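Taking it in order: structure first as C-alpha cells, then the write-up.
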Amino acid sequence: MIRNYDDFVAKLLEVGFAMGGGNSEGIYTIVPWNWNEEPPLDSPIRWHTEDKETDPWEWRIRVLEERDDIAYAKMFFKKSGFITKRWYPYFLAARRGGLDFEETYAEGTVSHFAKRIYDVISAHDRLPLHDIKTLGEFTRDEKAGFDRALTELQMKLFITMCGNQYRISKSGELNRNWPSTVLCTTEKFWGEDVFKKANDITPEQAKNELTAQILMINPSAPEKKIIKFIYGS
65 MIRNYDDFVA KLLEVGFAMG GGNSEGIYTI VPWNWNEEPP LDSPIRWHTE DKETDPWEWR
125 IRVLEERDDI AYAKMFFKKS GFITKRWYPY FLAARRGGLD FEETYAEGTV SHFAKRIYDV
185 ISAHDRLPLH DIKTLGEFTR DEKAGFDRAL TELQMKLFIT MCGNQYRISK SGELNRNWPS
245 TVLCTTEKFW GEDVFKKAND ITPEQAKNEL TAQILMINPS APEKKIIKFI YGS
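In this note's numbering, the protein residues as written are 65 to 297.
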C-alpha cells in the first residue's frame, strides 16, 4: 500500500508511468481513488490537505521541484500523468518520431495557437502561465483556443510542467491565493540525453516496449486504451 510520498515515488520509478489522480482510464494509477471519493480506512492518503507527505496533490509538484527523473503534465487522454526518465524516450519515439516542433508544424499537424504558445515558451527557460498569456498577447476571447493548444502541446510532448510560481503584484507583493503553473519545453526539461535515446528507438519498438510494460502493470488493459495511452490520440 502507498502510504506516503516516498512510497509513491518508489512505485512510480518501478512501473515507469501512471495516470495522475485516481482515474486510471483503464490503464494504471498509483492512488486508485479521486479527491471526492472515500479512501480506504487504513490509508493515511488524503487529497487536498496540503500535507506534503500524504496529499497526492502536493506530490505532483514535489517530483518536479525535488527530482530530475520524473515528468508530470497532461500527457494521457488529455489528462495529467507521470512518466519517468527511463520511459520518456519511448513515448517521444512513439509520438514525435524524431521530429522537432518546427518540422511537426510544417507538416500541418500542430495548430497555429500551439505555435504561438510554443514560440513564447521556447524563447525562455521557463514561464508561468500568466506570463505566457501576456507575452503571447492572448485575449480573453482566445481562452478556449489557448487552453486546447496548451493541452495539445503537452500531449505531443513539446512542452511540460516544471513547477509552480506565484504571481507578483504591481506593488511587488506575492499573491499566494493560487500559484500559476510553470511550463518549459521538453528539451529544456530533460536535456539532450533523453532525446538521443529516443532517436535510437523506432516507433514500432516504442509501441512494443510500451505495450509490454502496460500489460505487465495491468494485464486487463483494453487494446484500444493502450493505443491511445501510447500515442496520445
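Glycine residues also receive a C-beta, built at the ideal position from the N, C-alpha and C atoms. Remember, it's a predicted structure, so these values are computed and weren't measured experimentally.
- Under the three-pair Cβ rule at 8 Å, the segment 123-130 does not count as touching the segment 101-114.
- By the criterion of a C-beta distance shorter than 7 Å, Ser175 is surrounded in its chain by Ala213 and Glu216, once the five residues flanking it on both sides are discounted.
- Runs of the alpha helix (DSSP H) lying entirely within the segment 238-269, each at least 4 residues long, are 250-254 and 256-263 in chain order.
- Taking 9 Å as the cut-off, the beta carbon of Asn282 is found no closer than this to the beta carbon of Gly162.
- Considering only Phe293, Ala82, Ile223 and Gly209, the residue with the shortest C-alpha distance to Phe165 is Ile223.
- According to DSSP, Ile147 shares a beta bridge with Phe81 and Ala135.
- Taking a C-beta distance under 9 Å as the contact criterion, Arg159 and Met219 qualify as a contact pair.
- The criterion of a C-beta distance shorter than 9 Å is not satisfied by Thr173 and Leu76.
- Collapsing the DSSP output to three states places Tyr92 in coil.
- Assignment of Ile223 by DSSP, reduced to helix, strand and coil, places it in the strand class.
- Bridge partners of Gln229 according to DSSP: Ser244.
- In the three-state reduction of the DSSP assignment, Pro153 falls in the helix class.
- The beta carbons of Val246 and Gly227 sit closer together than 9 Å.
- The residue among Val184, Asp211, Thr203 and Leu128 with its C-alpha nearest the C-alpha of Lys142 is Asp211.
- Within the DSSP secondary-structure output, Phe72 pairs in no beta bridge.
- Distance from Ala276 to Ala157 at the Cβ level is roughly 15 Å; contact not present, criterion being Cβ atoms closer than 8 Å.
- Proximity to Glu273 across Val79, Tyr69 and Asp70 peaks at Val79, based on C-alpha coordinates.
- When the Cα atoms are used, Ile265 and Pro153 turn out to be separated by approximately 8 Å.
- At the C-beta level, Met139 and Gly255 stay beyond 9 Å of one another.
- Put simply, of Asp119, Phe253, Tyr92 and Leu128 the residue whose alpha carbon is nearest the alpha carbon of Lys289 is Tyr92.
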